[in-house]
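**Q** This structure is in structure tokens; I'll ask about it shortly.
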Amino acid sequence: MIRISANTQAALADQKLQRNLRQTLSKTLHSRNEAVSDVPNWEELRQYARDVKTHTLSRLADYLLELEGKVSEQGGRVIWAETGQEAVQFVLDLAHEKRVAKIVKGKSMLSEEIHLNESLERAQIEAVETDLGEYIVQLATEAPSHIIAPALHKSRGEIADLFVAKLGMAPSQDAVEITKTARKLMREHFLTARIGITGVNFAVAETGTIVIVENEANVRLSVSVPEIHIALMGIEKVIPRTSDLAVFLKLLVRSATGQTMSSYVNFLNGPRRNGELDGPREFYLVLLDNGRSKILADDFLRQTLACIRCGACLNVCPVYQRIGGHAYGSTYQGPIGAILTPQLRSLEEAPEHAYASSLCGACYEVCPVKIEIPHILLRLREKVQGEKNQKAAHLPFEKLAMQVWAWVMCSPSRYARLGRWLRILQKNFEENGKLKLPFPPFNRWIKHRDLPALPARSFKELYSSSEKQP
Amino acid sequence: MLEKVRRACDQAEGVELPGQSPQFPQYTDPVAKFRQELERTGGVFFDARQPKELPAVLTSVMKQSDSTEIYWEDEQLFQRHGLPFTLRNPEAFAKGFLVYSFHFRQEMKLPILLNSKRYERSELARVSLSASSAGLGVAETGSVVHEVRSGAGRLLSVLPPAHVVFLSEKDLLMNHAELFRSLPLGQYGSALTLVTGPSRTADIEKTLVIGVHGPKQLFVILTS
Numbered sequence: 118m119i120r121i122s123a124n125t126q127a128a129l130a131d132q133k134l135q136r137n138l139r140q141t142l143s144k145t146l147h148s149r150n151e152a153v154s155d156v157p158n159w160e161e162l163r164q165y166a167r168d169v170k171t172h173t174l175s176r177l178a179d180y181l182l183e184l185e186g187k188v189s190e191q192g193g194r195v196i197w198a199e200t201g202q203e204a205v206q207f208v209l210d211l212a213h214e215k216r217v218a219k220i221v222k223g224k225s226m227l228s229e230e231i232h233l234n235e236s237l238e239r240a241q242i243e244a245v246e247t248d249l250g251e252y253i254v255q256l257a258t259e260a261p262s263h264i265i266a267p268a269l270h271k272s273r274g275e276i277a278d279l280f281v282a283k284l285g286m287a288p289s290q291d292a293v294e295i296t297k298t299a300r301k302l303m304r305e306h307f308l309t310a311r312i313g314i315t316g317v318n319f320a321v322a323e324t325g326t327i328v329i330v331e332n333e334a335n336v337r338l339s340v341s342v343p344e345i346h347i348a349l350m351g352i353e354k355v356i357p358r359t360s361d362l363a364v365f366l367k368l369l370v371r372s373a374t375g376q377t378m379s380s381y382v383n384f385l386n387g388p389r390r391n392g393e394l395d396g397p398r399e400f401y402l403v404l405l406d407n408g409r410s411k412i413l414a415d416d417f418l419r420q421t422l423a424c425i426r427c428g429a430c431l432n433v434c435p436v437y438q439r440i441g442g443h444a445y446g447s448t449y450q451g452p453i454g455a456i457l458t459p460q461l462r463s464l465e466e467a468p469e470h471a472y473a474s475s476l477c478g479a480c481y482e483v484c485p486v487k488i489e490i491p492h493i494l495l496r497l498r499e500k501v502q503g504e505k506n507q508k509a510a511h512l513p514f515e516k517l518a519m520q521v522w523a524w525v526m527c528s529p530s531r532y533a534r535l536g537r538w539l540r541i542l543q544k545n546f547e548e549n550g551k552l553k554l555p556f557p558p559f560n561r562w563i564k565h566r567d568l569p570a571l572p573a574r575s576f577k578e579l580y581s582s583s584e585k586q587p
Numbered sequence: 425m426l427e428k429v430r431r432a433c434d435q436a437e438g439v440e441l442p443g444q445s446p447q448f449p450q451y452t453d454p455v456a457k458f459r460q461e462l463e464r465t466g467g468v469f470f471d472a473r474q475p476k477e478l479p480a481v482l483t484s485v486m487k488q489s490d491s492t493e494i495y496w497e498d499e500q501l502f503q504r505h506g507l508p509f510t511l512r513n514p515e516a517f518a519k520g521f522l523v524y525s526f527h528f529r530q531e532m533k534l535p536i537l538l539n540s541k542r543y544e545r546s547e548l549a550r551v552s553l554s555a556s557s558a559g560l561g562v563a564e565t566g567s568v569v570h571e572v573r574s575g576a577g578r579l580l581s582v583l584p585p586a587h588v589v590f591l592s593e594k595d596l597l598m599n600h601a602e603l604f605r606s607l608p609l610g611q612y613g614s615a616l617t618l619v620t621g622p623s624r625t626a627d628i629e630k631t632l633v634i635g636v637h638g639p640k641q642l643f644v645i646l647t648s
């Protein structure tokens, strides 16, 4: 079971983490807002993309079949994997069959979801993350803390120290020097690896095209040098038409990094063809379910699968901004992680994710495909609560308390009188303007929250006294 | 598994696939917009719509990339962009051009070449400047489309530290809606890349660093 509450205190107390989060997230938010304000019909684009996704998800099976047909026509092979284990097994079997000792990987959240690297390591196959951010967290033996910027939780100094310690880089705090070191080292890996594994941003059903968005060119190299390319995608990534890409790319890139377009968008149609000078000779596309069809079956929750993994909801979330990605304890973090994790796995495994939100709604405002994250969070809370309520003993007390509250609130004089009593009572429990109530049910409530003391005079009293002295 | 997916969305209420694509921006001067966007990403723009500009432009590209050779795969690249005549210009050669073309399988005998020789894969690592022709360009974002075709590959445009792209003015589109209406996905080759500026990263404290695994320099030469 994942306990977010067990991780939050440490995250909040981590001064370095707090500084890194503050600095990087404010930059990202700023550039995203600039890039979006540049597009007058942003709302129209959002609705268009959402409609395409809603349509596609309602006929997902048909589009997946069309995609498979097109990929096969072009000489690629499609693998249907119902579970993460099946997808991992396919990669392991292929690597063994081809006697491959080294794999280069482009950034793929899906491979994190199925814990591919751990399995490869156990099978003694070297898997090298080639995206700089992913490589940094791999060197640190950590998990990505953000779906777009994996090493967002680390400062330049921490990364430099890591490179000095693990790679023998000459001491330098310069981001350019660190990048140079990575480039040089990675060249060797690119030229010697025999399998390249990447994720997929979109798969176009009508042409069988795999679309991968990136900035560093590590994906370009991963799909050019090795003799085998394996692309991993969740079944929800398929879109019907090439023409839809104009809208999706515009939304994705601006939301994710605030660029107008990323450096490279790769469109891949199977293995190399006759006469082409390089490129993989074999192309495999793994279609992974891993809990997605379960989400698909619910009319309201289905929209969770519209996500294009831009990460904007993480950047804007007041909870993510404070606790960072690792505290979520799951592959996907932030608001999208909060709704995706309990659905992909189970509410029993991730009972706290739906509560890791203040329901402020900022995630919905920035979501380029208009996923109603706050409402989905509420629906998931209902489910968690529903299970609890079945065995609840506290209900009669709660009901009584609410009745008393309603009775008090129905009369101004009763309300004022209660206020006066409480102000007298609270003197025994007040500490620096906050109430310390060491008995149930308040002790549990104030464990993670402040309960401010009532001010000495009520609003009504202040108001009438100010009327006397204009 | 497919059956499971089919059952899951069996009852789903779908919406129709939207027909009308949203409006994408138009520009009165697409070349100026293209240039502005390209330069914003760190790319370098050259206007060689007047063929007589070409020797100076090429000299500048070679100087800026600190190269003495250009490598390319497309046999017609230099002809298509009106280069043979220019390069025959003794003045250009006098400036120290050493132009190699290469090909895996056949020796090329283009009139423009001083030197032509077989290209070996092992040479790729030391190529400092490569050239390609863009199938299309997009003014909206300053992007060019790199296509892989028979006789060419994926690597030459991505391994070297500098890359120069020739873009013909007639192939410059306004926006991405136009681009994806006409993008020939899978029609010619197995890979196509939309390139916007040089390789970059912001993975360290969101600090922009140009030149990670791909070219550090991207030049685009606009021809007529």
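Chains as they are written, first to last, in this note's numbering: chain A, 118 to 587; chain B, 425 to 648. For every residue, glycine included, the Cβ atom is placed at its ideal position computed from N, Cα and C. Just so it is clear, the structure is predicted and the values come from calculations on it, not from any experiment.
How many Å lie between A423/A and K133/A at the Cα?
**A** Walking along the first sequence from the start, residue 423/A turns up at place 306. Walking along the first sequence from the start, residue 133/A turns up at place 16. Taking the straight line from one Cα to the other gives about 34 Å.
**Q** In the structure shown, what three-state DSSP assignment does P569/A receive?
**A** Within the first sequence, residue 569/A is the residue found at index 452, counting from 1. Reduced to three states, the DSSP call for P569/A is strand.
**Q** Can you tell which of P555/A, S143/A, V486/A and A130/A has its C-alpha closest to the C-alpha of L269/A?
**A** Mapped onto the first sequence, residue 269/A falls at position 152. The residue with the shortest Cα to Cα distance from L269/A is S143/A.
**Q** Out of curiosity, what's the CA-to-CA distance linking P435/A and P452/A?
**A** Counting from 1 along the first sequence, the entry for residue 435/A is found at position 318. Counting from 1 along the first sequence, the entry for residue 452/A is found at position 335. Approximately 10 Å, taken between the alpha carbons.
**Q** Alpha carbon to alpha carbon, how far is L494/A from A471/A?
**A** Taking the first sequence and counting its residues from 1, one reaches residue 494/A at position 377. Taking the first sequence and counting its residues from 1, one reaches residue 471/A at position 354. Near 5 Å, if we compare the C-alpha coordinates of A471/A and L494/A.
**Q** Does the beta-carbon of M486/B have 16 or more other beta-carbons within 10 angstroms, so that it is buried, or is it exposed?
**A** To locate residue 486/B, count along the second sequence from 1; it is residue 62. M486/B is buried by the Cβ-count criterion.
**Q** Please list, in chain order, all residues of the same chain as G496/B whose beta carbon is under 7 Å from its beta carbon, the five residues on each side excluded.
**A** Start at 1 with the first residue of the second sequence, and residue 496/B comes out as number 72. The displayed chain sequence assigns Trp, not Gly, to residue 496/B. Correct list, in chain order: S525, S554, A555 and S556.
**Q** Drop a sphere of 10 angstroms on the beta-carbon of A518/B, count the other beta-carbons inside from all chains shown, and report buried for 16 or more, exposed for fewer.
**A** For this step, residue 518/B is matched to residue 94 along the second sequence. Any reading at A518/B is ruled out, since the residue's pLDDT is 38, under 50, leaving its predicted position unreliable.
**Q** Quick check: does the Cβ of K222/A come within less than 8 Å of any heavy atom belonging to the ligand NAD?
**A** With respect to the ligand NAD, the structure offers nothing, as it holds no ligand at all.
**Q** Whose C-alpha, out of I276/A, A414/A, S236/A and Q164/A, is nearest the C-alpha of A436/B?
**A** Here residue 436/B corresponds to residue number 12 of the second sequence, with the count starting at 1. Cα-wise, what sits closest to A436/B is A414/A.
**Q** Starting from the N-terminal side, write out each stretch of the beta strand (DSSP E) that is 3 residues or longer and does not extend beyond the region 359–431 of chain A.
**A** Segments of the beta strand (DSSP E) lying fully in the region 359–431 of chain A: 381–385 and 399–405.
**Q** Name the chain B residues whose beta carbon is nearer than 9 Å to that of I276/A?
**A** Taking the first residue of the first sequence as position 1, residue 276/A is located at position 159. Within chain B, the residues near I276/A are D627, I628 and E629.
**Q** Drop a sphere of 10 angstroms on the beta-carbon of L538/B, count the other beta-carbons inside from all chains shown, and report buried for 16 or more, exposed for fewer.
**A** Along the second sequence, read from residue 1 onward, the residue named residue 538/B stands at position 114. Confidence in L538/B is poor, its pLDDT being 38 and thus under 50, which makes the residue's placement unreliable; the coordinate value appears in the next sentence. So L538/B ends up on the exposed side.
**Q** Within the chosen definition, does the region 268–284 of chain A reach the region 309–317 of chain A through at least 3 CB pairs nearer than 8 Å?
**A** Short answer: they don't touch.
**Q** Would you say E246/A faces chain B, with C-beta separation under 9 Å as the test?
**A** Taking the first sequence and counting its residues from 1, the one referred to as residue 246/A is at position 129. For E246/A, the answer is no, since every Cβ of chain B falls outside 9 Å of its Cβ.
**Q** Compute the beta-carbon to beta-carbon distance between G466/B and G621/B, rounded to the nearest angstrom, for a pair I have assumed lies under 8 Å.
**A** Here the question's residue 466/B lines up with position 42 in the second sequence. Here the question's residue 621/B lines up with position 197 in the second sequence. Contact holds; Cβ gap of about 5 Å.
**Q** Which residue comes first and which comes last in the beta strand (DSSP E) that contains R194/A?
**A** Residue mapping note: residue 194/A aligns to position 77 of the first sequence, counting from 1. Where R194/A is concerned, the enclosing beta strand (DSSP E) stretches over R194 to A198.
**Q** Name the residue from A260/A, C430/A and P388/A whose alpha carbon lies nearest to the alpha carbon of R371/A.
**A** If you number the first sequence from 1, residue 371/A lands on position 254. Comparing Cα positions, the closest option is C430/A.
**Q** Just grab the DSSP bridge partners of A615/B for me.
**A** Counted from its first residue, the second sequence places residue 615/B at position 191. Answer is L385/A, bridged to A615/B.
**Q** S262/A and G441/A look like a contact to me (Cβ under 8 Å); what is the Cβ gap, rounded to whole Å?
**A** If you number the first sequence from 1, residue 262/A lands on position 145. If you number the first sequence from 1, residue 441/A lands on position 324. About 6 Å separates the two Cβ atoms, so the contact holds.
**Q** Between the beta-carbon of I220/A and the beta-carbon of P343/A, is there less than 9 Å?
**A** Residue numbering aside, residue 220/A sits at position 103 when the first sequence is read from its first letter. Residue numbering aside, residue 343/A sits at position 226 when the first sequence is read from its first letter. It is a contact, given that the beta carbons lie within the stated cut-off.
**Q** List the residues of chain B that R194/A touches, going by C-beta distances under 7 Å, in chain order.
**A** Numbered from its first residue, the first sequence carries residue 194/A at position 77. Result: empty, since nearest Cβ-Cβ is about 14 Å, beyond 7 Å.
**Q** Could you give the DSSP three-state label for Y451/B: helix, strand or coil?
**A** In the second sequence, the residue the question calls residue 451/B occupies position 27. If DSSP states are grouped into helix, strand and coil, Y451/B belongs with coil.
**Q** How long is the line joining the alpha carbons of L461/A and G408/A, rounded to whole angstroms?
**A** As a first step, residue 461/A must be located in the first sequence, where it is residue number 344. As a first step, residue 408/A must be located in the first sequence, where it is residue number 291. When rounded, the distance between both Cα atoms is 5 Å.
**Q** With the cut-off set at 9 Å, would you say F470/B and S484/B are in Cβ contact?
**A** Numbered from 1 along the second sequence, position 46 holds the residue referred to as residue 470/B. Numbered from 1 along the second sequence, position 60 holds the residue referred to as residue 484/B. Result yes, Cβ atoms of F470/B and S484/B sit closer than 9 Å.
**Q** Which two residues bound the contiguous beta strand (DSSP E) that contains G575/B?
**A** Residue 575/B sits at position 151 when you count from the first residue of the second sequence. Run containing G575/B: none; DSSP gives neither H nor E here.
**Q** As an exercise, report each continuous beta strand (DSSP E) stretch of at least 3 residues that is fully enclosed by the region 433–499 of chain B, in chain order.
**A** The region 433–499 of chain B contains these whole beta strand (DSSP E) runs: 468–472.
**Q** Shorter than 9 Å from the beta carbon of F319/A to some beta carbon of chain B?
**A** Working through the first sequence from its first residue, we reach residue 319/A at position 202. Output row for F319/A: interface = no.
**Q** Is the distance from the Cβ of A455/A to the Cβ of A444/A below 9 Å?
**A** By one-based count along the first sequence, residue 455/A stands at place 338. By one-based count along the first sequence, residue 444/A stands at place 327. No, the Cβ-Cβ distance between A455/A and A444/A is not below 9 Å.
**Q** Which one or two residues does DSSP pair with R624/B in a beta bridge?
**A** In the second sequence, counting from the first residue as 1, residue 624/B sits at position 200. Note: R624/B sits in a beta bridge opposite I634/B.
**Q** In three-state terms, what does DSSP make of L522/B?
**A** In the second sequence, residue 522/B corresponds to position 98, counting from 1. The predicted position of L522/B is uncertain, since its pLDDT is 39 and thus under 50; a value taken from the coordinates is nonetheless stated next. In the structure shown, L522/B sits in coil (DSSP, three-state: anything other than H, G, I, E or B).
**Q** Helix, strand or coil, according to DSSP, for I440/A in the structure here?
**A** On the first sequence, position 323 is the one that residue 440/A refers to. I440/A falls in the helix class under three-state DSSP.
**Q** Is there at least one Cβ from chain B nearer than 9 Å to I456/A's Cβ?
**A** The sequence position of residue 456/A within the first sequence is 339, counting from 1. No - not a single Cβ of chain B is within 9 Å of the one on I456/A.
**Q** Pairs of beta-carbons, one from the region 290–308 of chain A and one from the region 318–328 of chain A, closer than 8 Å: are there three or more?
**A** Touching, no.
**Q** What is the residue span of the beta strand (DSSP E) that L349/A lies within?
**A** Your numbering for residue 349/A matches position 232 in the first sequence. It spans I345 to G351 - the beta strand (DSSP E) in which L349/A sits, taken as one unbroken run.
**Q** Could you tell me how far apart the beta carbons of K271/A and I253/A are, in whole angstroms, since I believe they sit closer than 8 Å?
**A** For the purposes of this step, residue 271/A is taken as residue 154 along the first sequence, with counting starting at 1. For the purposes of this step, residue 253/A is taken as residue 136 along the first sequence, with counting starting at 1. With 8 Å as the limit, K271/A and I253/A qualify as a contact, their Cβ atoms being about 6 Å apart.
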